[in-house]
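Okay, so here's the structure we're looking at.
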Amino acid sequence: MDDIDIITEGFYLLVFGMGFVVVFLTLLVIATSIMSRIMMRFEPAPVPASPRKGHTVAASGQPNDQALVAVMSAAIKKYREDRNGQ
Amino acid sequence: MDDIDIITEGFYLLVFGMGFVVVFLTLLVIATSIMSRIMMRFEPAPVPASPRKGHTVAASGQPNDQALVAVMSAAIKKYREDRNGQ
Amino acid sequence: MDDIDIITEGFYLLVFGMGFVVVFLTLLVIATSIMSRIMMRFEPAPVPASPRKGHTVAASGQPNDQALVAVMSAAIKKYREDRNGQ
Amino acid sequence: MEALLSIWRDSGLANLTFGQVAMIFVGFILLYLAINKKFEPLLLVPIGFGGILANIPQAGIAYSAVENAFYFGGPEVLGELAILLGSASGSIAEMKVLYADAAASIKAAASFIAQDSGYNNGMLYNFYSIAILSGAAPLLIFMGVGAMTDFGPLLANPRMMFLGAAAQFGIFATVIGAVMLTAMGVMNFTIQEAAAIGIIGGADGPTAIWVSTMLAPHLLGAIAVSAYAYMALVPMVQPPIMRLLTTERERKIVMSQLRPVSKREKILFPIVLLFLVALLLPAAAPLLGMFCFGNLMRECGVVDRLSDTAQNALINIVTIFLGLSVGSVLVADKFLDLQTLGIMILGIVAFAIGTASGVLMAKAMNWMMGGNAINPLIGSAGVSAVPMAARVSNKLGLEANPQNFLLMHAMGPNVAGVIGSAIAAGVMIKFVG
Amino acid sequence: MEALLSIWRDSGLANLTFGQVAMIFVGFILLYLAINKKFEPLLLVPIGFGGILANIPQAGIAYSAVENAFYFGGPEVLGELAILLGSASGSIAEMKVLYADAAASIKAAASFIAQDSGYNNGMLYNFYSIAILSGAAPLLIFMGVGAMTDFGPLLANPRMMFLGAAAQFGIFATVIGAVMLTAMGVMNFTIQEAAAIGIIGGADGPTAIWVSTMLAPHLLGAIAVSAYAYMALVPMVQPPIMRLLTTERERKIVMSQLRPVSKREKILFPIVLLFLVALLLPAAAPLLGMFCFGNLMRECGVVDRLSDTAQNALINIVTIFLGLSVGSVLVADKFLDLQTLGIMILGIVAFAIGTASGVLMAKAMNWMMGGNAINPLIGSAGVSAVPMAARVSNKLGLEANPQNFLLMHAMGPNVAGVIGSAIAAGVMIKFVG
Amino acid sequence: MEALLSIWRDSGLANLTFGQVAMIFVGFILLYLAINKKFEPLLLVPIGFGGILANIPQAGIAYSAVENAFYFGGPEVLGELAILLGSASGSIAEMKVLYADAAASIKAAASFIAQDSGYNNGMLYNFYSIAILSGAAPLLIFMGVGAMTDFGPLLANPRMMFLGAAAQFGIFATVIGAVMLTAMGVMNFTIQEAAAIGIIGGADGPTAIWVSTMLAPHLLGAIAVSAYAYMALVPMVQPPIMRLLTTERERKIVMSQLRPVSKREKILFPIVLLFLVALLLPAAAPLLGMFCFGNLMRECGVVDRLSDTAQNALINIVTIFLGLSVGSVLVADKFLDLQTLGIMILGIVAFAIGTASGVLMAKAMNWMMGGNAINPLIGSAGVSAVPMAARVSNKLGLEANPQNFLLMHAMGPNVAGVIGSAIAAGVMIKFVG
Ligand code: NA
Ligand code: NA
Ligand code: NA
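Protein sequences appear in the order of chains G, S, R, L, A and P.
At position 33 of the first sequence the residue is numbered 33 (the numbering used here), and the sequence of numbers has no breaks.
To get the numbering used here, take the position in the second sequence, counting from 1, and add 86.
To get the numbering used here, take the position in the third sequence, counting from 1, and add 172.
To get the numbering used here, take the position in the fourth sequence, counting from 1, and add 258.
To get the numbering used here, take the position in the fifth sequence, counting from 1, and add 691.
To get the numbering used here, take the position in the sixth sequence, counting from 1, and add 1124.
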C-alpha cells in the first residue's frame, strides 16, 4: 500500500507541479507582455537589447577599447599586488 | 494628571536635553580649539582644507584628469562586467 | 609538590612539543621533496620562483609600467571618491 | 482536486488582507520615491522591497518562529503555546499579548515549541534579529559614515559647531509637540515614543534607527521611513524656510577662506570627541565611539585597507541587511495607524524647526560677534543630512551671488549636526531610556 | 612515554576509519574536478576542501558540541546525556537516535551539558548552522545571482519563458523515477527525498540546496554535489541529446534579432515577477523575492554600490561559507550509501530529460505557430545552468551555421529556467514540505 | 535639578576609576605605537580603540547582559540573580565568582533574567562572542593569510623548514621560563597559562589569539597585545641577536639562486601539508586547515574571485571585529596585573630565544652539511612575523654585502615559521588543553 501511496503522490506532484510551473510561467509571459506594451507606449524603446554581459559578443569594432581594458586590468592587478604586499 | 506629567517630562527633556547639547558642543569647540592651537605650534599648517570629497568643487583646471577618469571608469566597468560574466 | 609537578609538565611540553615540531617539519620536508620530485618529472619547472609579492623586488626595468600604475591608482581613487560622494 | 484546492487556499490571492495590500502599496511608493525621485535610494530601495516581502500573505518571511506558529499553526501547537503562556482562552489574540509581555525564558521556550512543530524564523526576521535587535547595524553604519567624513572644514572653524547644536532644537521641540498632542488627546504617545519621534528631526537615519530600537521598537518602521524620506526632502523643505528667515543681503555674505588643517589635527579630533563623550555622556558612547573609530581609521593613514572596507564592502553589506530589516517591520498592524500619521507630521515639523533654528543661530552669532562673518544660509546645514543640506546652502548662496561658494563652509555645521544629533540621542536614552 | 603514546593514540593515523578515507578521497576527487576540469570551481573547491576537513579523524571540525561529546566524551558526560535523553542502554548509538528525535529544548539542554564538559561546536558546524540551517546562504547567493542576471533577452521575447517551463519537466519526471525505484524496492526514498532529488534536474545549485535543507537535510551533501557536478557537465551531457532531437535544418535556423528593451521594462520585470509569486505561490517567495531584490538593485540604477557588493564581496563571502558548510556534511555515514548512487543516477537522468523537454518544446512551439521562428537548440538552455547551457546552444548553432549566433537568444530560456526551477522548488515545498 | 544631578551621577567623569584611567591610557599608548610608530597598525588601531571603548565608565560596551546587570542593576534584578546563582551573601563579588563557575544552563538563565530587567549585551561583547568565543575570527584571518602566502621560496628549498622548526624553540623555552617563575614563587601561572604565553614567541598574532582563547581566555588581552607589539618590534629586537651570533664572514654568504617552482607544486603543497596535519596532529587541523584552504584558493587559479575576497574584504572585516574584540578584554581587573608584566617580559624573551635558535640552527646546518650553503641571517626569519623578519634578514645581509639580496631566501624559513607555530599551537592544545 505504501508503494502505491508514494506512486500516487509522485504522479500528483508531476501533474500539479508541472502544471503549476506552466501556468505560472504562462501568466508571467502575459504579465510581462502587458507590462512591456504599456511601457513601450510611454517610452519608445531606447536601449538596445543589452549585450552587457555578452562575453562572446564583443565585435563592437573597437579593438582599442579591448586593448585598453587589457592593459588596465593588468596594471590594476599589479597595483593591487604591490599595495597588498606593503 | 498623566497629561501634566508627560508635559513636565517633555519640558524637562527640552531644557536639559537642549542645554546638554549646547554645553557639550561648546566644550567640544573649546577642546578642539585648544587641540588645534597646540598642534599648530608643532606643525605650522601644511595640508590645505581638504576638498577630498568635494564633488561640486572640481575646478582644479585639469580637464585631462576628468577625461581620464571618465575613460577609466567606463573601461573598468566593462572589464568588470566581462570578468563577472566569465 | 605542585611546583615540581608544573616543572615536570613544563619539561614534558618542551621535550615532546619541540620534538613533535621537528619531527612534523622533517616529515613535511620529506613529503614536499617527494611531491616536488614527482611533479618535476611530469612538468619540467616552468614558473620562476614567483616574486609575486616581492615588494622590494621591483627592478623589472619597466618604469612606464610603474608610472602607469601610479597615474591609474590616483585616477581610480579620484573616481571612487567622486562616486562615493554622489 | 484536493491539491488544486490547497494551492488556491494557501495562495497569496486567497489570503490577502486589506492591510497587506495597503502595506505592499506603501512598499511600492517607497520604491517609486527611491528610484524615480532618488529619495535616499540606498536605504529606501531595501526598505521598500523588504516591506513588500514582509507583507506577502502566507509566506511569513518577516515573522519569528513563534509568530509563524501563531498564524499558521494547528490546534496542537497552539494548545502547547497556550499552556506555556498561561492563556485561559487560548485565542491567538490573547496569546500574542501574553507573549509580548513574557519573560525571556518563556519566549525561548515558546520558540522551542514552535520549532518542534516545524515553524522557523522567517528570513527577514533573522536579518532583523542580527542587524537591529542586537543594535549592530546602525553602529556599523556609523563606523562607515565616520570613515567617510572629513572634519577638515569643521576643524578650520570650530565655532560652526554652534550651528550644529542649534539645529538640534528641532528634535526637542518635536518632543514637546508630541507631548502636547498627547495632552490634547489628539494622539497618544508615551515620553519614550515622543523622544524617538523627535530624533527624526536629527536628520540622521542610523541615529534615528538606533534610538527607536531602544525607546520605541514598535515605531521603528514609521520612524526609519520618515527619517530617510525627510532627509531626501531636504532640497524641498529647507529653501523656503531659509529664504524666509534671511535677507537678500545676508544671503550674499561671502565667507573668508578656510585655513588649512593639518593631518595631526584631523587624527586627534576623533580622540578629543571620544574623550568628551566618555567623560560627559557615556550613553552616547556606542554610537559616537564607532563614529570616531571610523574617522580615526580614515585619518590615521596607517590602516587604509580597513578604512576602505568600512566605507565600501562592509557598509554596503550592512546597508542591505539594515534596509531589509527595517522593511520587515512595515506590517499593517504596526504601520497603518494614526500614530504613523502623527509621526510623519511631527517629523517634518522637527525638520522645519531645526532648519530655522540653525539659520537663526547663524544670525545670532553674527549679531553677537558684531560682524558679518557667517552667511546665515549655512546654518540650515546644521541639521545633518550630509551632504545634501550643505549642497542646499551652497545652491542658495550661488543664487544670491554667483561667486559665493558656500559648500565647504556649510560642511562644518553639516558634520557638526551629526555629532549634535548623536549627543541628543544619548541624552534621550539617558533620560527616558 | 605516556605523552608519546597519547600523541599516537589521538593521531589521525591511528583513528582513521575506512569511511573517512573514502570521504577524503571523494573530497580529493571534487578538488580534482574543480581545479583540473574546471567543474564549477567556485563551489566545488570549498565543498571538496570542507569535505576533507570534515573527515579528519579526532578533529571534530564538522560536529556540534553534542556530537563531539558523543564521540570523544568520557563516561561522566555520556552519563549525563543518557539521563537527559532517557537512554536506557546508555550506548552512543541509542543516544544519537534519541537526540535526533528530541525536542528543541532537550537539544539545547544537551548542548549545555556538552559545553560544561568542554566540548564545543566545531568550526564547520558553526558555519553550517549560520549559512545553511538558517537558510540564509542560498538566499543571499540568489540575491547576488539576481544582481548578475540580465533579463533583457527574455523581455525582448517573453515566449521563451515556455522553454524555461518545459525544461523543468526533468525535475518532476525524476521524482517519478525516484518513486518508481522505491516502489520496485530498488531504492527507498520518501516523497520528500524524491522531491529534493528531482530539484537537481533544475540545474540550479542554490535552489537545490535550499530545497534539500527543507525537505531532506540528510541528503544535502549528495544533492548539492550532484547539482554542481552536473551543472559542470552541461557541455558534455547536452550536445548528444540536442543533436539527436533536432535535424540539421532545424539547427541552422537563424532567429530574428531581438528588439531593444527599455530600462523601465527591466526595472519593472522583477516587480511583476515578485507580484505573481506573492499572489500565486508564497512558498517560493523567499527564494524568488531575494532574486528579484538583487535584480531590482541591478536595474534600478540608483543603488549601484549595493548591487556591486551583492555581486562581488557579499556573494563571494557567502560562497566560501556555503561551500565549506556543504562540505561539512560529506561524512561517511551520510554519503557512502546506496542512496547517493541513486541520487547521482537520478540527477543525470533529470538533466537529460530536462534538456530533451526544452528542445521538444521549442519544436512544438514552431509547429504550433506554424513557422520556423525558434531554433530548437535554444530549448536546452531552459534547464538553467546560466550561462553554460546558453553557450552550449550557441556552440551547436555555430557548428551548423557559422553565422548563427544563438547566445543572446538562448539567454532568454536560460534565465527563464532559473525562474522555472525556483517555482518548481516552491511547489515541492508547498506540497510535500 | 534632579535631572542635572542624574546627568552628573551617571557621567563618565563622576564614575571614572583609577583602573579605567590606566586602561584608557594603555589604549592611547597602543594607538600611538600603531599610528606614529607603525606597530602592526592593522591590529593595534582597533585593539587600542576597542580598549578605550571598553573602559568608558557607565557605558558597559564590553560587558555581557549579566555583567551589566551586576554593575548597574537595582536590588530586584540582583536579588533574582542571587537566588539563581545560589549566592548566600548576595554580594556582587560573590555572584561574579559563582557566575564564572556556573553551568552553561545557569548562565543562559542569568542572561534571561538580565534581559528581562532591560540589560543587554554591550556591542563589543557581541563582537567578542561572535569573533572570538566561537573561534571564527582567528581561523578566517588564517584563511586570508593563507591566500596571501606564496610558498614558492619554501618549495624551492624545503630544508628551510628546519629553520622554521628551530625558531619555535623560543615558544617552549618560554613555557619553561613561565613554569620556573611559578616554581620560584615570582609569578603564578598554570601550565595552560604558561603554554598560552609561550605561543607569543611564535610571532604569529592569530595563532596566539586562537591558543589563548582555548587555554587561558582571561589572559587574551595581554597575550594578543604582546604578540602584535613584539611582531612590530622585530626590526629592533632581532638585529643585535643576529649580529652577536654570526661572524662578518657568515653574514656575507651569498646563497645560490632559488630554482623555479611549478604551479602544480604550489597547488599540491597545501594538500600535502593538510594531509600530514590530518594524520599526525588533528588538534592543529582547524588552524592549518583554514590556512591550507586559503592557500589552495590562491594557487589553484580557478577561484580567483574567492581568493581576492579572502585577501581583502573578508580579512579586513574580520580584522576590524577581531581587533575591537581583543580590545574589549583590555579591562583593568584583567590587564593591570603582575601577570601582564610577566607576560610582556616572557614574550620578549621567547622572541629573543626563537631568533637565536633560528640563527644557530642555520649555522648547525652549514656545519652538518659541511658547506656554506646557508647565510645564518635567514635563520632568524624562522620565527614568522611575515614578512618583517625576512626583511630584517635582507637588511642585515645588505649591510654585510651590498650585493647580497636575502629576501627571497628568507621568505622560506619565514613562512615555515608560520607552519611551525601552528604545529606548536596544536601540540599545546593537545597536551594541556
Ligand atoms: Na542632526
Ligand atoms: Na532550471
Ligand atoms: Na612562528
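The beta-carbon is built from N, C-alpha and C at its ideal position, and this holds for glycine as well.
Grab me the residues of residue i's own chain with a C-beta within less than 6 angstroms of its C-beta, minus the 5 sequence neighbours each way, in chain order.
| i | result |
| --- | --- |
| Leu1222 (chain P) | Leu1209, Ser1211 |
| Ala680 (chain L) | Thr465, Ala542, Leu545, Leu546 |
| Pro1078 (chain A) | none |
| Glu990 (chain A) | Lys957, Ile958 |
| Met1285 (chain P) | Ala1540 |
| Ser387 (chain L) | none |
Going by Cα to Cα distance, which pick from the options is closest to residue i?
| i | options | result |
| --- | --- | --- |
| Leu336 (chain L) | L:Gln373, L:Leu311, L:Gly306 | L:Gln373 |
| Phe1142 (chain P) | P:Gly1294, P:Thr1370, P:Phe1459, P:Lys1161 | P:Phe1459 |
| Gln1316 (chain P) | P:Phe1296, P:Leu1404, P:Gly1309, P:Ala1327 | P:Phe1296 |
| Ile314 (chain L) | L:Met381, L:Ile350, L:Ser392, L:Ser349 | L:Met381 |
| Asn1003 (chain A) | P:Val1427, P:Leu1305, P:Thr1443 | P:Val1427 |
| Glu1319 (chain P) | P:Ala1183, P:Val1310, P:Met1308, P:Phe1293 | Correcting the residue identity first, residue 1319 (chain P) is Ala in this sequence and not Glu. For Ala1319 (chain P), the nearest C-alpha among the options comes from P:Phe1293. |
Span of the alpha helix (DSSP H) holding residue i?
| i | result |
| --- | --- |
| Phe1142 (chain P) | 1142–1160 |
| Ala885 (chain A) | 882–889 |
| Lys1487 (chain P) | 1462–1493 |
| Ala1081 (chain A) | 1079–1091 |
| Leu1403 (chain P) | 1387–1404 |
| Gln948 (chain A) | That residue, Gln948 (chain A), is in no alpha helix (DSSP H); it is neither H nor E in DSSP. |
| Arg940 (chain A) | 939–942 |
| Glu557 (chain L) | 543–558 |
| Phe427 (chain L) | 427–441 |
| Phe106 (chain S) | 104–128 |
| Val1310 (chain P) | First-last for Val1310 (chain P): undefined, no H or E at that position. |
| Leu1357 (chain P) | 1344–1369 |
Spatial neighbours of residue i within its chain, please: C-beta separation below 8 angstroms, excluding the five flanking residues on both sides.
| i | result |
| --- | --- |
| Val201 (chain R) | none |
| His141 (chain S) | Confidence is the limiting factor: at His141 (chain S) the pLDDT is only 37, short of 50, which leaves the residue's position unreliable and the question unanswerable from this model. |
| Pro287 (chain L) | The sequence shown places Ile at residue 287 (chain L), rather than the Pro named in the question. These residues qualify, in order along the chain: Gly306. |
| Asp591 (chain L) | Gly277 |
| Ala793 (chain A) | Leu776, Ala801 |
Excluding sequence positions up to five away, which residues of its chain have a Cβ less than 7 angstroms from the Cβ of residue i?
| i | result |
| --- | --- |
| Ala1001 (chain A) | Met834, Gly835, Ala838, Gly985, Met988 |
| Asn1281 (chain P) | Leu1382, Gly1536 |
| Val241 (chain R) | Confidence is the limiting factor: at Val241 (chain R) the pLDDT is only 46, short of 50, which leaves the residue's position unreliable and the question unanswerable from this model. |
| Val757 (chain A) | Tyr790, Ala801, Ser802, Ala805 |
| Leu1205 (chain P) | Ala1193, Met1219, Ala1234, Ile1237 |
| Ala1402 (chain P) | Ala1409 |
| Met1052 (chain A) | Phe853, Leu854, Ala857, Gly1070 |
What in chain C is Cβ-close to residue i, meaning under 8 angstroms?
| i | result |
| --- | --- |
| Leu534 (chain L) | Looking at the structure shown, chain C is missing, and the protein chains on hand are G, S, R, L, A and P. |
Please give the ranges of any alpha helix (DSSP H) in the region 1171–1254 of chain P, keeping only runs that are unbroken, at least 4 residues long and fully inside the region.
Counting only runs of 4+ residues, the alpha helix (DSSP H) found wholly inside the region 1171–1254 of chain P occupies 1189–1196, 1199–1209, 1216–1225, 1228–1240, 1247–1252, in chain order.
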